[in-house]
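So in the numbering used here, the last spot in the sequence shown is 238, and the numbers never skip.
The beta carbon of each residue, even a glycine, is placed where N, CA and C say it ideally should be.
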Amino acid sequence: MNLHVRAATAADTADLFHIRTSVTENVLSHEDLQALGITPAAIEAMINTSTCAWIAVSGCKAVGFSMILPEEGCLFAAFVLPAYEGAGIGKRLTEEAENQLFLHHDLIWLETGEATRAAGFYRHRGWITAGEAAAEKDIRMIKQSSWCSG
89 MNLHVRAATA ADTADLFHIR TSVTENVLSH EDLQALGITP AAIEAMINTS
139 TCAWIAVSGC KAVGFSMILP EEGCLFAAFV LPAYEGAGIG KRLTEEAENQ
189 LFLHHDLIWL ETGEATRAAG FYRHRGWITA GEAAAEKDIR MIKQSSWCSG
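Here it is as structure tokens:
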């Protein structure tokens, strides 16, 4: 697979929403996202004001993305199209996000479902559970720059 990971632009917003609404775990519809304040306009504004999102492209197809909240030290999103899972795309995307967060924070965090494959993925990448999150059945995970080897 010819995979390229690059910073996302506002022109990628439709692809980000397509990927986000295509996943089989932690499923949210466009309506669900809008109810949370996650709209195309909000995402475009974030992308236009900071380096906060990365997109993985295979050939001409967007297959995954990651996104951070830079000021908060938060890995906000990391999603890969189901047909492309297990190919290392999520790892590359989270590395981009983590590297950017660690430029400004020693401790970074995320929230995910406690009983999800995502939680296992993050644990394998060095994240640890730090307690319950605000949403029911979610956990907060943290990672510290000093825990990373390199």
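By how many angstroms is the C-alpha of Ser154 removed from the C-alpha of Leu91? Rounded to the nearest angstrom, the two C-alpha atoms are 15 Å apart.
Residue nearest to Tyr170 in terms of C-alpha spacing, selected from Arg211, Thr112, Asp100: A quick correction: the sequence has Pro, not Tyr, at residue 170. It is Thr112 whose Cα lies nearest to the Cα of Pro170.
Check the DSSP bridge columns for Leu195 and list the partner residues they point to. DSSP lists Gln232 as partners of Leu195.
Among Val168, Leu163, Asn187, which residue has its Cα nearest to the Cα of Leu104? Nearest neighbour of Leu104 by Cα position, chosen from Val168, Leu163, Asn187, turns out to be Val168.
Among Phe190, Ile107, Asp226, Gln188, whose alpha-carbon lies nearest the alpha-carbon of Ala166? Nearest to Ala166 by alpha-carbon distance, out of Phe190, Ile107, Asp226, Gln188, is Ile107.
Pull up the DSSP beta-bridge partners for Gly201, would you. Beta-bridge analysis with DSSP links Gly201 to Asp226.
Should the stretch 116-135 be called in touch with the stretch 178-195, which here means at least 3 C-beta pairs below 8 Å? Using a C-beta cut-off of 8 Å, the stretch 116-135 makes no contact with the stretch 178-195, since fewer than three inter-stretch Cβ pairs fall below that distance.
So what's Leu116 in DSSP terms, helix, strand or just coil? Leu116: coil per DSSP, three-state reduction.
Assess contact between the stretch 173-187 and the stretch 141-160, defined as three or more Cβ pairs (one per stretch) separated by less than 8 Å. Is contact present? Because the criterion of three Cβ pairs below 8 Å is met, the stretch 173-187 and the stretch 141-160 touch.
Based on DSSP bridge pairs, tell me the residues matched to Val252. The chain is shown from 89 up to 238; residue 252 falls before or after that span and cannot be answered.
Taking C-alpha atoms, which residue in Ser117, Leu116, Gln122, Pro128 lies nearest to Ala98? When each option's Cα is compared against that of Ala98, the closest is Pro128.
Grab me the residues of Ser146's own chain with a C-beta within less than 6 Å of its C-beta, minus the 5 sequence neighbours each way, in chain order. Excluding residues within five positions, the ones whose Cβ falls inside 6 Å are Met89, Leu91.
Name the residue from Trp197, Ala218, Glu173 whose alpha carbon lies nearest to the alpha carbon of Arg205. Here the closest residue by C-alpha is Glu173.
Excluding the 5 residues flanking Gln232 on each side, which residues of the same chain have their C-beta closer than 7 Å to its C-beta? Counting only Cβ-Cβ distances below 7 Å, and skipping sequence neighbours, we find Asp194, Leu195.
Taking DSSP as the reference, what is the three-state secondary structure of Ala175? Reduced to three states, the DSSP call for Ala175 is coil.
In the DSSP assignment, find the unbroken beta strand (DSSP E) run with Thr217 in it and report its ends. Counted as a single uninterrupted DSSP element, the beta strand (DSSP E) harbouring Thr217 occupies residues 216-220.
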